[in-house]
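**Q** So the sequence lines, in the order shown, correspond to chains R, A and D. By the count of our numbering, the first sequence reaches residue 280 at its end, each step adding exactly one. By the count of our numbering, the second sequence reaches residue 378 at its end, each step adding exactly one. By the count of our numbering, the third sequence reaches residue 155 at its end, each step adding exactly one. From the three backbone atoms N, C-alpha and C, an ideal C-beta is built for every residue, glycine too.
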Amino acid sequence: MVAEPGHLEAGPMVPQPHVVRRRSRDTADTWTLELEPAGGAGIDPQPGQFAMLTVYGVGEVPISFSRIGTDGSLVHTIRDVGAVTAELCRTPRGGTVGVRGPFGTTWPVDDAAGADVVVAAGGLGMAPLRPAVEALLDRRDAYGRLTLLYGARTPGDLLYPEELEEWRGRGLDVHLTVDAGTRSWLERVGFVSELLKDVAFDAESTVAFVCGPEVMMRVTVGALVERGVTADCTYVSLERSMSCGVGHCGHCQLGPILVCRDGPVFPWNEVSGWLAVREL
Amino acid sequence: MQMTRDFVITLDGLGELVAGLRNRGYQVVGPSLRDGAIVYDELESADELPAGWTEIHDPGAYRVERRGDEARFGFTVGPHSWKQFLLPSRVRLWRARKNGEVTELEEEPPPEKPFAFFGVRSCDLSAVAIQDRVLTGGRYVDRDYAARREGIFVVVVDCAEPGRLCFCTSMGTGPAAESGYDLALTELLDGEHRFLVRVGSERGAEVMRDVPHEAASGADNETAEALVETARSSMGRELDTEGLKEDVLANLEHPRWDEVADRCLSCGNCTLVCPTCFCVGVEDTADLTGEVVERERVWNSCFSLDHSYVHGGAVRQSGRSRYRQWLTHKLVTWHDQFGTSGCVGCGRCIAWCPVGIDITEEAAAIRNGKEGVSDEGS
Amino acid sequence: MKALDQVVLESAVFAGLDDVYAEQLAGCSQTAGFDAGDTLFREGEPADTFYVLRRGRVALELYVPGRGPLTIETIDPGQVVGWSWLFPPHVWHFDARAVAPVRAVAVDGACIRGKCESDPALGYQLMQRFSAVLLERLNATRLRLADLYGGNSGR
Numbered sequence: 001m002v003a004e005p006g007h008l009e010a011g012p013m014v015p016q017p018h019v020v021r022r023r024s025r026d027t028a029d030t031w032t033l034e035l036e037p038a039g040g041a042g043i044d045p046q047p048g049q050f051a052m053l054t055v056y057g058v059g060e061v062p063i064s065f066s067r068i069g070t071d072g073s074l075v076h077t078i079r080d081v082g083a084v085t086a087e088l089c090r091t092p093r094g095g096t097v098g099v100r101g102p103f104g105t106t107w108p109v110d111d112a113a114g115a116d117v118v119v120a121a122g123g124l125g126m127a128p129l130r131p132a133v134e135a136l137l138d139r140r141d142a143y144g145r146l147t148l149l150y151g152a153r154t155p156g157d158l159l160y161p162e163e164l165e166e167w168r169g170r171g172l173d174v175h176l177t178v179d180a181g182t183r184s185w186l187e188r189v190g191f192v193s194e195l196l197k198d199v200a201f202d203a204e205s206t207v208a209f210v211c212g213p214e215v216m217m218r219v220t221v222g223a224l225v226e227r228g229v230t231a232d233c234t235y236v237s238l239e240r241s242m243s244c245g246v247g248h249c250g251h252c253q254l255g256p257i258l259v260c261r262d263g264p265v266f267p268w269n270e271v272s273g274w275l276a277v278r279e280l
Numbered sequence: 001m002q003m004t005r006d007f008v009i010t011l012d013g014l015g016e017l018v019a020g021l022r023n024r025g026y027q028v029v030g031p032s033l034r035d036g037a038i039v040y041d042e043l044e045s046a047d048e049l050p051a052g053w054t055e056i057h058d059p060g061a062y063r064v065e066r067r068g069d070e071a072r073f074g075f076t077v078g079p080h081s082w083k084q085f086l087l088p089s090r091v092r093l094w095r096a097r098k099n100g101e102v103t104e105l106e107e108e109p110p111p112e113k114p115f116a117f118f119g120v121r122s123c124d125l126s127a128v129a130i131q132d133r134v135l136t137g138g139r140y141v142d143r144d145y146a147a148r149r150e151g152i153f154v155v156v157v158d159c160a161e162p163g164r165l166c167f168c169t170s171m172g173t174g175p176a177a178e179s180g181y182d183l184a185l186t187e188l189l190d191g192e193h194r195f196l197v198r199v200g201s202e203r204g205a206e207v208m209r210d211v212p213h214e215a216a217s218g219a220d221n222e223t224a225e226a227l228v229e230t231a232r233s234s235m236g237r238e239l240d241t242e243g244l245k246e247d248v249l250a251n252l253e254h255p256r257w258d259e260v261a262d263r264c265l266s267c268g269n270c271t272l273v274c275p276t277c278f279c280v281g282v283e284d285t286a287d288l289t290g291e292v293v294e295r296e297r298v299w300n301s302c303f304s305l306d307h308s309y310v311h312g313g314a315v316r317q318s319g320r321s322r323y324r325q326w327l328t329h330k331l332v333t334w335h336d337q338f339g340t341s342g343c344v345g346c347g348r349c350i351a352w353c354p355v356g357i358d359i360t361e362e363a364a365a366i367r368n369g370k371e372g373v374s375d376e377g378s
Numbered sequence: 001m002k003a004l005d006q007v008v009l010e011s012a013v014f015a016g017l018d019d020v021y022a023e024q025l026a027g028c029s030q031t032a033g034f035d036a037g038d039t040l041f042r043e044g045e046p047a048d049t050f051y052v053l054r055r056g057r058v059a060l061e062l063y064v065p066g067r068g069p070l071t072i073e074t075i076d077p078g079q080v081v082g083w084s085w086l087f088p089p090h091v092w093h094f095d096a097r098a099v100a101p102v103r104a105v106a107v108d109g110a111c112i113r114g115k116c117e118s119d120p121a122l123g124y125q126l127m128q129r130f131s132a133v134l135l136e137r138l139n140a141t142r143l144r145l146a147d148l149y150g151g152n153s154g155r
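Structure (structure tokens):
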């Protein structure tokens, strides 16, 4: 079964080698890797999708795309929380990692045309939302009011600070909050759902994209729904254990849902009942 | 589908059938007695079938016993199922150089010869069809499974004597197979020891050409039908599937889950013996030099904490939630995920549970407590 | 210039309040302004006034020796700054500082307490509104307490 490198008919379970083109530190424990194919064709991910990233000899983890490169490059923002993510964050420029994907459903950026869009991010949840924000701003005229609500632990934990400023200039109403601030922090201190109070949008024609820790999503969607946004126009991105990405390993079940196959992006009304059952 | 008239073959014919399949290049796999259990293994001849043996199943108990006759298929199902061959417990997915250069692509090479599964019970044939849907019926096809599955020759054996834990009639999977086989046998022990053969495919008909046989008489057919009918009405267990989905989902917080969790050891035996359980994980390893790395796919169980691990902790921390996941998946959410039940009624999980937890009993208890609980729980 | 009672009614916390009550509230109020960096009140000082924010942003700060001032909450327009005037000993628990130029309505706490004492209906109206805001803030504070974004809880 030995095949010539580059001539493999690789199935979806075989990671394709990619080279780290750039590596940058976002926060104390979070890094962004920019990858390019080591050979062969690249892949074409969409906002909201994820890849399975392999550190050869160590393991594999699901990581969302945190930017959609225009030149075939893949961008992932990774927090060091385990053996594989630690190795990924440590992979230097020129190092090799494996990529399988893209997998999963997407933020319905195109379907939201004509609507007001509220993007709400908590912590690392900003990473899978960045491609959605970029896509919205690329067609700024196609949407009504565009709002970003973003909460993090401290000002130093906010991802992509330069882009947040740039986005403000491109017509995105950016509201930031942290759990605790210092004198130099002039934005808000509070929970991300509280930011909704500051924001004007036409609830009936609003589409919301929400991503963050599960509790943050529950509370934020609750606040959105209270403001009149409908649950089926509110999308969340779920995180569950994933081993295959293709619906075959059984790990990512949430009741009737296979998160990798049916998600990770779901309209809230499809998942809220299942999320409400503890330890499901 | 009846492609030709049914045949009758003798014990010699059975031997010829195994030989004929081997001559055609199949690796014939079927039941044989080993270590006090009836297991599936390669058969070199029909002489290796567990002649004269039967099985006694009870919750948490399994043993083999001598029969008063020389029946070749006088038992039902042991600890093995055909997933051992189609979805092996450990398979190498790929091997690569440390720098990611893939030098060898997976394929724990698929078996050199296609399988002939000899003596497949109807419930297990349904289990294969269920795994087909899971692993090949969606957007992505599991290449290793598909390679192993490709071209298998299936010889079914209808059940005449269900075990004490069998409930295939409840699940609509038995006791006789109606399609999906190449040949189907019914063992006839009245008078001369013989087998009624139904042909289910062209391949089946072709194989039968070299096996000495006679045309089945009307009486043979009637005997066979009567045996299956008797089997149908003598199931050891029953599981009422009518409205089961709604009832289980309305009772996700039923106290019965706590009770069963007190008994459940979270050992995962039920998932190992289940012919449809498909959960797998991967293990990455490097050789001593660190230069050559590989990934293996291994069976996982939803009874392990690791199964639902997301950074920080497992979603399903309690034994209660893990048992609930397993039962709910089998009987309810499998339908949503794959358009079929995940349970075929073979009863293996009951026999091989060290504490004898009975899925039919648990399902009945869970659904019976719907009042009061669903109000609070939802 | 707008009448004070109208200004009071514009704030989220008092929106929909009966005109009669809004007038009573206005009777205890005056306008106030602060530049960015100004202190509205300081921990330990008598709490005799609260502010209904019209513009700007106010940070509630806790001075932590060795770390300096820590912003534990910010308050934006429409919301109320200060609750300690409601309950004895009427002393501020935190510092309040304008982050951005502030325009507000300053309400005399003792004055409004007196009116509430003599008109329990007004007291109940105000207490209901204050409680709702306090509960909302308490819940948001609890969520922050959970340190949801920490991410390393397993290590």
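Determine the chain D residues that contact G190(R) at a beta-carbon separation under 7 Å, and present them in chain order.
**A** Chain D residues near G190(R): E73, T74 and A140.
**Q** What number of angstroms, rounded off, separates the C-alpha of V2(R) from the C-alpha of C244(R)?
**A** Legend: pLDDT at V2(R) = 35, less than 50; position of this residue unreliable, no value from coordinates given.
**Q** Is E117(D) buried or exposed, if buried means 16 or more other CB atoms sit within 10 Å of its CB?
**A** Burial call: exposed.
**Q** Could you give the C-beta distance for G200(A) and S179(A), rounded to a whole number, given that I count them as a contact under 8 Å?
**A** Contact flag correct, Cβ pair sits at about 7 Å.
**Q** DSSP three-state label for C211(R), please.
**A** C211(R): strand per DSSP, three-state reduction.
**Q** Please give me, in chain order, every unbroken run of the beta strand (DSSP E) with length at least 3 that falls completely inside the stretch 238 to 304 of chain A.
**A** With a minimum length of 3 residues, the continuous beta strand (DSSP E) runs that stay inside the stretch 238 to 304 of chain A are 280 to 286 and 292 to 299.
**Q** Counting only beta-carbon separations shorter than 9 Å, does C279(A) have a partner in chain R?
**A** For C279(A), the answer is yes, since a Cβ of chain R falls inside 9 Å of its Cβ.
**Q** Can you check the stretch 20 to 49 of chain D for any beta strand (DSSP E) of at least 3 residues that lies completely inside it and give the ranges in chain order?
**A** The stretch 20 to 49 of chain D contains these whole beta strand (DSSP E) runs: 29 to 34 and 39 to 41.
**Q** Is F209(R) near V119(R), with beta carbons less than 9 Å apart?
**A** Against a cut-off of 9 Å, the Cβ pair of V119(R) and F209(R) comes out as a contact.
**Q** Cα separation between D38(D) and F87(D)?
**A** D38(D) and F87(D): Cα-Cα distance of roughly 25 Å.
**Q** Less than 9 Å between the C-beta atoms of L148(R) and V133(R), yes or no?
**A** Contact flag set, yes.
**Q** Please state whether DSSP places F103(R) in a helix, a strand or coil.
**A** In this structure, F103(R) counts as strand in the three-state DSSP scheme.
**Q** Could you compute how far the alpha carbon of V8(D) sits from the alpha carbon of G212(R)?
**A** If I take the Cα positions, the gap works out to 36 Å.
**Q** Tell me the DSSP secondary structure of T173(A) in three-state form.
**A** In the structure shown, T173(A) sits in coil (DSSP, three-state: anything other than H, G, I, E or B).
**Q** In terms of residues, what are the limits of the alpha helix (DSSP H) holding Y323(A)?
**A** Where Y323(A) is concerned, the enclosing alpha helix (DSSP H) stretches over G319 to T328.
**Q** Taking only beta-carbon atoms, is R103(D) less than 9 Å away from chain R?
**A** Chain R contact via Cβ: absent.
**Q** So which residues on chain D does R218(R) lean against when the C-beta distance must stay under 9 Å?
**A** The contacting residues do not exist; R218(R) stays about 10 Å from chain D at best.
**Q** If I follow the unbroken alpha helix (DSSP H) through L196(R), where does it start and stop?
**A** Looking at the DSSP string, L196(R) is not in any alpha helix (DSSP H), and its letter there is neither H nor E.
**Q** Between the alpha carbons of R113(D) and P89(D), how many angstroms are there, rounded?
**A** Distance between the alpha carbons of R113(D) and P89(D) is about 13 Å.
**Q** Using only CA atoms, which one of R55(D), R129(D) and G68(D) lies nearest to W83(D)?
**A** Of R55(D), R129(D) and G68(D), the residue nearest in Cα terms is R129(D).
**Q** Tell me which residues of the stretch 20 to 34 of chain R have at least one Cβ-Cβ distance to chain D shorter than 8 Å, keeping chain order.
**A** Residues D29.
**Q** What residues of chain R sit near Y51(D), judged by a beta carbon separation below 7 Å?
**A** Within 7 Å Cβ-Cβ: nothing; Y51(D) doesn't reach chain R, min ~17 Å.
**Q** In three-state terms, what does DSSP make of T147(R)?
**A** In the structure shown, T147(R) sits in a strand (DSSP, three-state: E or B).
**Q** Nearest chain R C-beta to G44(D) closer than 9 Å, yes or no?
**A** Taking Cβ atoms only, chain R never reaches closer than 9 Å to G44(D), which makes this a no.
**Q** In terms of DSSP beta bridges, what is T285(R) paired with?
**A** The first residue shown for chain R is 1 and the last is 280, placing residue 285(R) beyond what the model contains.
**Q** Mind checking Y235(R): buried by the 16 CB within 10 Å criterion, or exposed?
**A** Its Cβ being crowded by 16 or more others within 10 Å, Y235(R) is buried.
**Q** Hey, would you say L379(A) sits closer than 9 Å to D220(A), going by beta carbons?
**A** Residue 379(A) is absent from the structure shown; chain A starts at 1 and stops at 378.
**Q** Counting contacts by CB-CB distance shorter than 9 Å, is T77(R) in contact with chain D?
**A** So, not an interface residue.
**Q** Note down the Cα distance separating A106(D) from G150(D), rounded to an integer number of angstroms.
**A** Each residue's Cα considered, the two are about 38 Å apart.
**Q** How should E204(R) be labelled, buried or exposed, when 16 other C-beta atoms within 10 angstroms of its C-beta is the threshold for buried?
**A** Classification for E204(R): exposed.
**Q** For G57(R), which option in G122(R), A83(R) and G171(R) has the closest C-alpha, if you only look at C-alpha atoms?
**A** Considering only alpha carbons, the answer is A83(R).
**Q** Counting only the same chain and skipping the five closest in sequence on each side, list residues whose C-beta sits under 6 Å from that of E187(R).
**A** For E187(R), where only same-chain residues beyond five positions count, the Cβ hits under 6 Å are L176.
**Q** Give, in chain order, every unbroken run of the beta strand (DSSP E) that is at least 3 residues long and sits entirely within the stretch 147 to 191 of chain A.
**A** Complete beta strand (DSSP E) runs here, min 3: 153 to 157 and 183 to 188.
**Q** Let me see if you follow: with CB-CB separation under 9 Å, is T147(R) close to chain D or not?
**A** Chain D contact via Cβ: absent.
**Q** Can you give me the Cβ contacts of G33(D) inside the same chain, cut-off strictly under 8 Å, excluding the 5 residues immediately before and after it?
**A** Excluding residues within five positions, the ones whose Cβ falls inside 8 Å are P101, V102, R103 and A104.
**Q** Just the Cα atoms here: how many angstroms apart are H80(A) and V248(A)?
**A** Roughly 29 Å between the two C-alpha positions.
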